[in-house]
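A.B. asks:
In my numbering, the protein residues as written are 12 to 108.
#1: Helix, strand or coil: which one does DSSP assign to residue 35?
#2: Hey, residue 92 and residue 59 are a contact pair by Cβ (cut 8 Å); roughly how many whole angstroms apart?
#3: Residue 33: buried (16+ other C-beta within 10 angstroms of its C-beta) or exposed?
#4: Excluding sequence positions up to five away, which residues of its chain have a Cβ less than 7 Å from the Cβ of residue 31?
#5: By DSSP, does residue 58 sit in helix, in strand, or in coil?
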């Protein structure tokens, strides 16, 4: 899953909200097989918009999300709330940022 325009083959895309606008993430159409179990891993969860869009793409292709893992969580920005239907794991939390 990458930002729009970074992948070379046919893609599915998902737009998501930023604080001051929108952005788009994409995934190759053949990246996920129907019924495939997927653990989403990212470096950071802040507002949760990118992770939520990534989960939508995975599910659009028929994947089953078994959890979301992040190195860093910024809990004051409440990103985990957007992913509340999935198990969420993070290694470090930084509050007050």
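Beta carbons are placed, not taken as given, at the ideal position from N, Cα and C, and that holds for glycine.
C.D. replies: Per the coordinate set shown:
#1: Position 24 of the chain shown holds residue 35. Residue 35 falls in the strand class under three-state DSSP.
#2: Indexing the chain shown from 1 puts residue 92 at position 81. Indexing the chain shown from 1 puts residue 59 at position 48. The Cβ separation is near 7 Å, so the contact holds.
#3: One-based indexing of the chain shown puts residue 33 at position 22. By the 10 Å Cβ count, residue 33 comes out exposed.
#4: In the chain shown, counting from the first residue as 1, residue 31 sits at position 20. Counting only Cβ-Cβ distances below 7 Å, and skipping sequence neighbours, we find nothing.
#5: As a working mapping, residue 58 is identified with position 47 in the chain shown. DSSP places residue 58 in coil when its eight states are reduced to three.
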